[in-house]
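To keep things clear, I will list the structure first and then write my remarks on it.
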Amino acid sequence: MEMPKRHNSFARIITWSWKEIWHGQLWPISVSLILIIASIFALTALAERLEQVVVKKGKEALSADSVFISANPLSNQLLESVATLGLSSSKMTRFNTMAFSDAQMQLVTVKGVESNYPLLGNLLLGNGKTEQHKVSPKQLWMEERLIEQLKVKPGDTISIGDADFVLSGKIIDEPGLSFNPFQQMPTVLIHQNDVESTGAIQIGSRVRYSLFLSGNDSTIKNLKTSVQLGASDRWRDTSSRSRTNEIFQRTEQYLSLTVAIVVIMAATTLVLTCQHYVASRLKTIAMLKSLGASKNWLAMWLSIQVLILLVVAIVFGVSLGILIEYLLRIPISDILPKPLPSYGFKPAVVAVSTSILISIPSLGIPLNRLLAVSALEVMQPKQTSKFRVLNLVLIAVPLVPMATVYHNNVLVWLVFGGIVALFAVLASLSLFLTKLMVKLPLAISFKLAVSRINRSRLTSGIQFGALAVSLMMLGIIWLVRTDLLTDWNRVLPENAPNAFAFNIAPYEKEAYLGTLDSEKISRSQAYPIIRGRLTKINGVDAKEITQGKEDTDALRRELNLTWADTLPTYNELVKGSWTKTNGVSVESEVAEALKLKIGDNLTFSIGGQSFNAKVNSIRDVEWRDMKLNFYFIFTPDVLKDIQMSWLVSFRLDDSDNSLISELSRTYPTVSLMDIRLMGEKIRDLLSQIVLAISGLAALGVIAGLLLIFTLLKLSVEMRQQEIQLYRTLGASRNRVVRTLWAEFGLMALISGCIATGAAEMVVKGIMKFGFEVTTSPHYHMWLILPILTVFILMIVVNGLIKKLLKPMQK
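Here the sequence shown stands for residues 1 to 810, where the numbers follow full-length UniProt numbering.
Put into structure tokens, the structure is as follows:
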């Protein structure tokens, strides 16, 4: 008979636990846990997807895991080492030359590739009837725009240097994206075996030899360490900086930032809800103890409630997380790997373990307080509780893993440190403002509200601080998103140039520009350009100054040099001033990398001829806007004796296709680069990333609104005893209602304004140190955030006031 009794007793405990969860207002705890699990699951799973995108896109852009690039032919020693290590490899020889058809000619970039190119990514070639994915000997493939410019079709004969080829078809798709318009010269693909027959590579020719490698990361790393790089040699891999990878990496950073903020806000909601539950159940537990309930029975009863909450939260949280992850990746489905690999159990493990770690102090500390309550507190409740060493241990449980996981994440610690530091500051500032309001001529309701706030300064300070910090985190999520999108919109803006014409001879410059102007084409100023290299700084070899660390293109390769009467208006002058003679203006990143300062003497080499110029100014350059920009801009006198061609950029619409053909026919020696297709690809990519970022921000906003809702709800409920006291003293219902609205209205407005200022400061730090992006003030947030807070306040307070005032409907 003993077993059935125990079974019945346990069943009753389960039943009581279920009732307590709903009637004891424990369900908000479950909602907070569900939000934590769902958010972490969805964002962790999405992070896995985006990481795959970064790696996939990076390697596809390279066409391999790593690429060795040199201006010299590949050495036999390198090729033998690659074969010995068992790495897959493919060679490419890249050079510029002229392509001739019967009707036209055009400067092109020839890529001599092997049949296994690319090692990674997709190469799609077609002739209108069939498609293939590799280049075979004796074949010639061209970009569609080049086919139109040369007025040819598959089967026609094309001359590349000394060799004649039969056009096989067009290049439909080639791996990678490039933001560099000067790499967008029309491409021709031939087989590596046919390069020599073109006769285009002579002594002094500009040629780039590439060796694409694919294999185990450690094996490639061993190869790199064994190869001694020459002056023109370098490696490229997915860790190499590119603007495409930068977008993905910043998306991942924003994702990790959102995860941290969502977890902090949901955990705060959890803590507040638990504290409120404990405060409302102290008398209940004391009464149960006075009726003979043992501490062990109460511990089991509370533990079962917690277990039920966790099970419910895990089931619904993971399910909701799967749904959220699915919705978040819909906008970026086109850029995700196909077929989509499984993210496995990692997101679920991370989400559940994180929620449990957060729950240990959030639930453990208040429930420990419940278990420690004395039966005597039924008659005389204690206002304070003794702090226990166990509480410190419980607090350390989530903090230690957090420190381990995020120890290198600057963004997370900026936010976390900002929250801890600003809580007291924001609370104190809020109380200071309400203190000043005592002297203002306010209505009676507002005077009572200010008096009530100032009377219980500790409680009010905590409420102000919690609400302001919550609003601040909400603002951070949205403002970081806004700043990222603003920064990304500078990548190929709507009116960005999408065509570049260079190799314009001096005698045809005016006629070429006149043609553009007559067609009302929006164009840039024309700049003279010539290739040159920086060799010395103040008479010392430039490479010695950098001690071999070539962190800038200024030393790695020849650059496009130009002169101008004035600096471009779209370049921001950082230091110095433009002079009329013997001067050179330097781009700021180059100046920083080479430690250049105003007055330094620079020596350049152009075709074996050396010349000097003094640094007269340093400029900030935004490379992503696709305007004509240069590392070095000289005063006209420095390059007056050097013959130069001209460069101009302009914007084409679809209706200007006939103009392209006309320019190609009229000026056959001018190289015209049409990058509209590249721009469309990049814009599609950015639009998908923007949608994903907006989805992440929306999730963070939901978590923030839930926290703010909980804060306001608990704050209003804490006024119940005061409301009863006001009524006992004869206050009318309208007076009580107006006073409550005044108090919470002031709290919302003050907290909203202070939170906006704090968010501005934190976001400025996050964008500068975390994303390396310069931001501008967000004046609109000073209006939006306080109004949003008041709106939420209206929803919460209006409903709760009716509930609190039910006993005194008069």
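Quick reminder that beta carbons are idealized off the backbone N, C-alpha and C, glycines included.
Element boundaries [alpha helix (DSSP H), containing residue i]
i	result
G364	K346 to L371
Y401	It should be pointed out that residue 401 corresponds to Pro in this sequence rather than to Tyr. Unbroken alpha helix (DSSP H) run through P401: V389 to V405.
G514	K509 to S518
Y779	No alpha helix (DSSP H) contains Y779, which DSSP labels as neither H nor E.
Rounded straight-line distance, which links the Cα of residue j to that of residue i
i	j	result
A501	L663	10 Å
G344	I314	17 Å
Q609	W782	59 Å
M794	T273	21 Å
G770	M761	14 Å
L594	T579	22 Å
V306	P118	56 Å
D620	G576	12 Å
P668	F41	58 Å
A351	L120	34 Å
L639	I521	30 Å
S63	F212	7 Å
A403	R250	22 Å
E131	S655	30 Å
S649	P493	14 Å
residue 811	I264	Missing from the structure shown is residue 811; the chain here goes from 1 to 810 and no further.
V108	N96	6 Å
M142	L43	43 Å
L534	S588	16 Å
K447	V438	7 Å
Pick from the options that is closest to residue i, judged by C-alpha positions
i	options	result
A103	E148, W141, L123 and S70	E148
K221	M287, L123 and S66	S66
L140	E114, Y512 and S319	E114
S319	I36, R683, M673 and G161	I36
N734	Q202, I444, I201 and V135	I444
L85	L150, S218, N193 and I330	S218
A758	K597, A421, D517 and F632	A421
A499	V393, I160, R676 and L740	R676
T268	M747, M105, L706 and D233	L706
A286	L371, N601 and I476	L371
V262	L394, I476, G599 and Y277	I476
M747	F791, S362, V373 and V166	F791
L442	E743, Y209, V311 and K111	E743
I358	I29, Q525, R738 and L573	I29
I69	V188, Q202, R234 and D541	R234
Buried/exposed call for residue i, threshold 16 Cβ in 10 Å
i	result
H778	buried
A396	exposed
P347	buried
A424	exposed
A613	buried
E325	buried
Y507	exposed
Y527	buried
T198	buried
Q77	exposed
T581	exposed
K170	buried
V31	buried
residue 814	For residue 814 there is no data in the structure shown, the boundaries of the chain being 1 and 810.
S294	exposed
I529	buried
K549	Because K549 sits at a pLDDT of 49, beneath the cut-off of 50, its placement in the model cannot be relied upon, and the following sentence gives the value as read from the coordinates. Burial call: exposed.
D674	buried
I787	exposed
T775	buried
N-terminal and C-terminal residue of the beta strand (DSSP E) that residue i is part of
i	result
Y527	Y527 to I537
A299	Taken as a continuous stretch (DSSP letters only), A299 belongs to no beta strand (DSSP E), being part of the alpha helix (DSSP H) at K295 to R329.
K575	E572 to G576
N560	L559 to W563
N582	Run containing N582: none; DSSP gives neither H nor E here.
Any non-hydrogen atom of the ligand FAD within 7 Å of residue i CB
i	result
A99	Absent from the structure shown: the ligand FAD. Ligands present: none.
Which runs of the beta strand (DSSP E) fall wholly inside the stretch 588 to 616 and span at least 3 residues, in chain order?
601 to 606
Segments assigned beta strand (DSSP E), at least 3 residues, entirely inside the stretch 634 to 703
645 to 650 and 671 to 674
Every unbroken beta strand (DSSP E) within the stretch 138 to 216, with a cutoff of 3 residues, ordered by chain
139 to 142, 157 to 160, 163 to 173, 187 to 191 and 207 to 214
Could you tell me which whole alpha helix (DSSP H) segments of length 4 or greater appear in the stretch 69 to 138?
76 to 85
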